[in-house]
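Novice:
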Amino acid sequence: MNSNLELLSHLFIILMALFAIIYTFGVVWRVEKKLDISFKFFLVSIISFTLSEITAIAFPAGIGLPQLLITGLKIIFIIFFLAGTLEMRSMLRRMDGEIKK
Amino acid sequence: MKKPIKKRTSLRKAARAHAVFFLISFGLYITLCAIFTPSFMLADMHSKSKALADDTITLVAKVLAPPVQPIISGSAICTNGNLSVQLTWPSDENSESFDIERNGSTLITGLTNINYADTALSTNRTYNTYVIIAHGPMGPGIAISDPLSITNPDACSTPLTPEEKILTLEARLIEIYGDTPRILSQKPSFSGRTNIPFAKIFITLHSDQVITATTYANENGYWSWTSPVELDLGAHTLSTIAVDPNDATVTATDTFYFEIVPVATSHKDSDDNKNKSTKKTTATNRAQSIPIAPQAIAPFIISASITNADHSVFSGNELLVNVDFLKKSQSLENKNYEIFYDLLDSENNLVAETSENINISKTNSTLKKITIPMLTPAGNYKIFVKTYDGRNLTSGEDFFQIKEFPILSVGNTTISFTQIMQGLSWIILALLLAFLALLGIEHHLSEQAVFQITENYLRRKGFFTKRKGVQR
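Here it is in structure tokens:
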């Protein structure tokens, strides 16, 4: 891909991710209990995703420690995203009556 | 009887203390290794063993420094009405070769001497400005001298005797190669110089196949060309003709013989060439020539020229390429030839390509419009037009510049993509401030909220309802 286009794409992704962080914070500050937990998981995952994108821009060669860092942050992203989704799913199943309290 | 036992006990104590001390030290060492990765331990042990092994060996090595900035000195002289400029600069062990630029354009490349006589001068100019670029293996790899302007003597006229010389093969001066230049590369590069500014250079490379090409010299008469296809091993002859763009009768020619050899032969010959390196054998190189088969003459030559103003175009706009077919044979086959148009950057990387079929027997020229891709970076490019006639390749090339299209234009002020990228740090700072401001606003809004929303609250408010048709 053209390097300029690649850089623009990264910047756009980071911009959108920053918005996502702000509004996820907004939700976390407003909700409690399981909703709060699941959105906290989402918040951690989106923050780690944003950091991985910033690292990718800062170290375009992506070798050695930066590459390890990017991979680690992406692993954190997917783990916390999954945790948030499972927490939300669990909450919905309880409310739905599938799981007895 | 007890005393000796006591002695043995104290010895044992000392031995035990020593063992404990050793184990603690070793454990500490292993812990350090675990912290600094096992490679630290390996490297440390390696260095220790090397130190033990090499303590009696003294190595003397000289590390080259980056090339030193050349300081040019020179003067213009007039001998029998012929104007020449003698340039000289200090020798530098850190530099491998030197390029000279005259008035901002390349004059010659690959020089290994520390002096140069510029004889291809026009009296139309009152002065010429020279810059020496030193190339070396260390540091940034180049060092550029300060420009030196040399004023021409008033009473000196240059009778223009057209000259054309092939100067370098694979970026090395031809004289350096010895009797018969032998190279490994099957896509060799050449450069040369003529005293005809902006001359059109017709190139013919004779081997098993015939490659014909046209290119252009710059204002100093310097030109360079790289074979677009891999040549066979063996002997080849390169012929060049420089033609004055303003007067087609003013021409100059040169011929050059070289061989492409396999790796093993090259090593043997390079040793031979080193022994003969002091011999100047230009005449020998140029006199020899392999016979050219009569049927191996290209039936036509392609000449490409950019017709856009100033040889420049904005990215996203159309490049206008005028292609002339200079027919060498009257009995040209009545068939379509596929003409390929390759857009190449300054490092010969392919940027864009297109092709069209043209019946060359029925036309002498064509105008091709090529749209430059929108995101092509600004810089120097060339259009390479080629076609195959059996095994023979005919090509033509011309050079142009891609300018960046301004994203925003207000009056005389324009903002381009590059300028935006140059201000990236400010954009990031602005983004950070906007992020913090939005986060602050979001927090302030959440402080205003009356309820802490939970899943039960949402259920009470009717955000969740029972689905229909579900068996419970």
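Residue numbers (our numbering), protein chains in the order written: chain L, 1 to 101; chain C, 1001 to 1472.
Virtual Cβ for every residue (Gly too), placed ideally from N, Cα, C.
Name, please, each residue of chain L whose Cβ falls closer than 7 Å to the Cβ of Leu1438 (chain C).
Specialist: Residues of chain L passing the Cβ test: Ile22.
Novice: To the nearest angstrom, how far is it from the Cα of Tyr1216 (chain C) to the Cα of Ile1166 (chain C)?
Specialist: If I take the Cα positions, the gap works out to 14 Å.
Novice: In chain L, which residues lie less than 7 Å from Ser1446 (chain C) when you measure between Cβ atoms?
Specialist: What Ser1446 (chain C) touches in chain L: Gly26, Trp29, Arg30.
Novice: Quick one: residues in its chain with C-beta nearer than 8 Å to the C-beta of Thr1194 (chain C), no 5 flanking neighbours on either side, listed in chain order?
Specialist: Within the same chain, Thr1194 (chain C) has close Cβ partners Ala1120, Pro1162, Glu1163, Glu1164, Lys1165, Ile1201, Ala1217, Gly1221, Trp1223, Ala1242, Ala1252.
Novice: When the Cα atoms are used, what is the spatial distance from Thr1009 (chain C) to Ala1043 (chain C)?
Specialist: Near 40 Å, if we compare the C-alpha coordinates of Ala1043 (chain C) and Thr1009 (chain C).
Novice: Strictly by DSSP, which residues pair up with Cys1078 (chain C)?
Specialist: Answer is C:Leu1083, bridged to Cys1078 (chain C).
Novice: I'd like to know if Arg1487 (chain C) contacts chain L, where contact means its C-beta is closer than 8 Å to some C-beta of that chain.
Specialist: Because residue 1487 (chain C) is not part of the residues shown, which for chain C are 1001 to 1472, the question remains open.
Novice: Quick check: the Cα distance between Phe1021 (chain C) and Ile1030 (chain C), rounded to an integer number of angstroms?
Specialist: Near 14 Å, if we compare the C-alpha coordinates of Ile1030 (chain C) and Phe1021 (chain C).
Novice: Using a Cβ-Cβ cutoff of less than 7 Å, which residues in the same chain neighbour Ala1061 (chain C) once the five nearest sequence positions on both sides are dropped?
Specialist: So the list is empty, once near-sequence residues are dropped.
Novice: Does any residue of chain B have a CB that is nearer than 8 Å to the CB of Leu15 (chain L)?
Specialist: The structure shown contains no chain B; the protein chains it does contain are L and C.
Novice: Assuming Ala1199 (chain C) is part of the beta strand (DSSP E), what are its boundary residues?
Specialist: Neither: Ala1199 (chain C) is in no beta strand (DSSP E) and is coded neither H nor E.
Novice: Output the distance between the C-alpha atoms of Thr85 (chain L) and His1443 (chain C), rounded to the nearest integer angstrom.
Specialist: The straight-line gap from Cα to Cα measures roughly 24 Å.
Novice: Considering only the alpha carbon of each residue, which of C:Pro1197, C:Ser1097, C:Leu1320, C:Glu1356 lies closest to Ala1171 (chain C)?
Specialist: Taking only the C-alpha atoms, the option nearest Ala1171 (chain C) is C:Ser1097.
Novice: Return no unless some Cβ of chain L is closer than 8 Å to the Cβ of Ala1449 (chain C).
Specialist: Chain L, which has a Cβ nearer than 8 Å to the Cβ of Ala1449 (chain C), makes this yes.
Novice: Under 9 Å between beta-carbons, which chain L residues line up against Thr1454 (chain C)? List them in chain order, please.
Specialist: The answer, in chain order, is Val31, Glu32, Lys33, Lys34, Leu35, Asp36.
Novice: Which chain L residues are close to Leu1431 (chain C), counting only those with a beta carbon under 9 Å from its beta carbon?
Specialist: Leu11, Ile14, Leu15, Leu18, listed in chain order.
Novice: Output, in chain order, the set of chain L residues within a Cβ distance shorter than 8 Å of Glu1442 (chain C).
Specialist: What Glu1442 (chain C) touches in chain L: Ile22, Tyr23, Phe25, Gly26, Trp29.
Novice: List, in chain order, every chain L residue whose beta-carbon is nearer than 9 Å to that of Phe1464 (chain C).
Specialist: By Cβ distance, chain L contributes Leu92, Met95, Asp96.
Novice: Distance cutoff 8 Å, beta carbons only. Does Phe1314 (chain C) sit that close to anything in chain L?
Specialist: It does not; no Cβ of chain L falls within 8 Å.
Novice: Going straight from the alpha carbon of Pro1137 (chain C) to that of Pro1066 (chain C), what length do you get?
Specialist: Pro1137 (chain C) and Pro1066 (chain C): Cα-Cα distance of roughly 7 Å.
Novice: Interface residues of chain L around Phe1399 (chain C) at Cβ under 9 Å?
Specialist: Here the premise fails: no neighbours, minimum Cβ distance about 22 Å.
Novice: Which residues mark the beginning and the end of the beta strand (DSSP E) in which Gln1401 (chain C) is found?
Specialist: 1392-1403 is the extent of the beta strand (DSSP E) around Gln1401 (chain C).
Novice: Based on the DSSP secondary-structure assignment, which residues constitute the bridge partners of Ser1223 (chain C)?
Specialist: In the sequence as displayed, the identity of residue 1223 (chain C) is Trp instead of Ser. In the DSSP output, where bridge partners are listed per residue, Trp1223 (chain C) has C:Gly1192.
Novice: Spell out the partners DSSP gives Ala1143 (chain C) in its beta bridges.
Specialist: BP columns for Ala1143 (chain C) point to C:Ala1134.
Novice: With 16 as the cutoff for other CB atoms within 10 Å, does Gly1178 (chain C) come out buried or exposed?
Specialist: So Gly1178 (chain C) ends up on the buried side.
Novice: Would you list the residues sitting across from Ser1355 (chain C) in a DSSP beta bridge?
Specialist: Note: Ser1355 (chain C) sits in a beta bridge opposite C:Phe1340.
Novice: Of the residues C:Thr1126, C:Phe1256, C:Phe1399, which one's Cα is nearest the Cα of Ser1303 (chain C)?
Specialist: Of the listed residues, the one whose Cα sits closest to Ser1303 (chain C) is C:Phe1399.
Novice: Tell me whether the beta-carbon of Leu1148 (chain C) lies closer than 8 Å to the beta-carbon of Asp1118 (chain C).
Specialist: No, they are not a contact pair.
Novice: Helix, strand or coil, according to DSSP, for Asn1103 (chain C) in the structure here?
Specialist: Three-state result, Asn1103 (chain C): coil.
Novice: Can you list, in chain order, the residues of its chain with a C-beta nearer than 7 Å to that of Gly1110 (chain C)? Leave out the 5 residues immediately preceding and following it.
Specialist: Cβ neighbours of Gly1110 (chain C) beyond the five flanking positions: Ser1097, Thr1168, Ala1171, Arg1172, Leu1173.
Novice: Would you kindly report the start and end of the unbroken beta strand (DSSP E) that includes Asn1322 (chain C)?
Specialist: Its beta strand (DSSP E) spans residues 1318-1327.
Novice: Sorted by chain position, which residues of the same chain lie with C-beta nearer than 7 Å to Ile13 (chain L)'s C-beta, five sequence neighbours on each side aside?
Specialist: Excluding positions up to five away in sequence, the list reads Glu53.
Novice: Report the neighbours of Phe1190 (chain C) on chain L: residues whose CB is nearer than 9 Å to its CB, in chain order.
Specialist: The premise fails here: Phe1190 (chain C) is roughly 31 Å from chain L at the closest Cβ pair, so nothing lies under 9 Å.
Novice: Would you report the Cα separation of Gly1234 (chain C) and Trp1426 (chain C), rounded to the nearest angstrom?
Specialist: Roughly 59 Å between the two C-alpha positions.
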